[in-house]
Amino acid sequence: MPKKTGLRIWRRFCRNRDGVAAVEFALLLPVMLITYTGMVDVVQLVMVNRKVTQLTSALSDLTARVQSVSSTDVQNIFNAARSILMPYDSDKVTMVIASVVIDSAGVAKVCWSEPRDGTAPARGTSITIPDTYRVPGTSVIMARASYEYTPIVGYVLTKSFTLGDSPIYARPRNGVAGGTNNIEQVVRTGTNPCPLYN
Numbered sequence: 000m001p002k003k004t005g006l007r008i009w010r011r012f013c014r015n016r017d018g019v020a021a022v023e024f025a026l027l028l029p030v031m032l033i034t035y036t037g038m039v040d041v042v043q044l045v046m047v048n049r050k051v052t053q054l055t056s057a058l059s060d061l062t063a064r065v066q067s068v069s070s071t072d073v074q075n076i077f078n079a080a081r082s083i084l085m086p087y088d089s090d091k092v093t094m095v096i097a098s099v100v101i102d103s104a105g106v107a108k109v110c111w112s113e114p115r116d117g118t119a120p121a122r123g124t125s126i127t128i129p130d131t132y133r134v135p136g137t138s139v140i141m142a143r144a145s146y147e148y149t150p151i152v153g154y155v156l157t158k159s160f161t162l163g164d165s166p167i168y169a170r171p172r173n174g175v176a177g178g179t180n181n182i183e184q185v186v187r188t189g190t191n192p193c194p195l196y197n
């Protein structure tokens, strides 16, 4: 008799579907939580990256609109661009603005540059710029920004990422014609327009 009772209990247990949803939920909950926390970090990373790109574009655009800039003007441009990062921590961003002159041989050299919490290329330094902007006898404004992103949750994305750090260029719109060959450029207050360096 006990053998039949045990068999009967086993059959009833195998047919019983009560609690299946609870067991499935218990098995899937860790996977769902990891996916959710990973998505939080990935979405934040994408949003911050987008804002850093907008910030870099604003740096080059605001600088290219003026004829000349002083150190105070550049700091005001940096402050205005930093507000784009809100609500993210704007103390983690480094920024550089530079005026670049392209000589008659197509070599791009820095005329002036200004960093914010980072380093900037020195005057006369040769730099590489895209072919579309490397027109001899012209100038461009180059802006670069980078952001050290630290994941909020840190379960899926466990390390920090440097976002941005790709330059964005803009042609001067109201630049001053000067220097060798009267190159239209944004001039640094208190200095002469840049020559072609060759």
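The opening residue of the sequence shown carries number 0 in numbering that gives the first Met the number 0; numbering runs sequentially from there.
No residue lacks a Cβ here, since even glycine has one placed at the ideal position from N, Cα and C.
Practice problem: Using three-state DSSP, classify V185 as helix, strand or coil. | Solution: coil
Self-check item: Entirely enclosed alpha helix (DSSP H) segments - the region 115 to 152, minimum 4 residues
Solution: none
Exercise. Measure how close the beta-carbons of V95 and G123 come, nearest whole angstrom, since I'm counting them as under 8 Å.
Key: Actually they do not touch by this definition, with Cβ atoms about 16 Å apart.
Quiz item: G37 lies in the alpha helix (DSSP H); which residues open and close that run?
Solution: V19 to A63
Quiz prompt | Buried or exposed (CB count within 10 angstroms, at least 16 for buried), W111 | solution = buried
Self-check item: Sequence-distant residues of its chain with Cβ nearer than 8 Å to T161 (five each side left out)
Solution: Cβ neighbours of T161 beyond the five flanking positions: S145, Y146, E147 and Y148.
Exercise. Verify whether the separation of the beta carbon atoms of V184 and P171 is less than 9 Å.
Key: According to the sequence shown, residue 184 is Gln rather than Val. Their beta carbons are under 9 Å apart, which means Q184 touches P171 by this criterion.
Quiz item: Taking only beta-carbon atoms, is T157 less than 9 Å away from chain D?
Solution: Among the protein chains of the structure shown there is no chain D, as only one such chain exists.
Quiz prompt | Which of helix, strand or coil DSSP assigns to S67 | solution = strand
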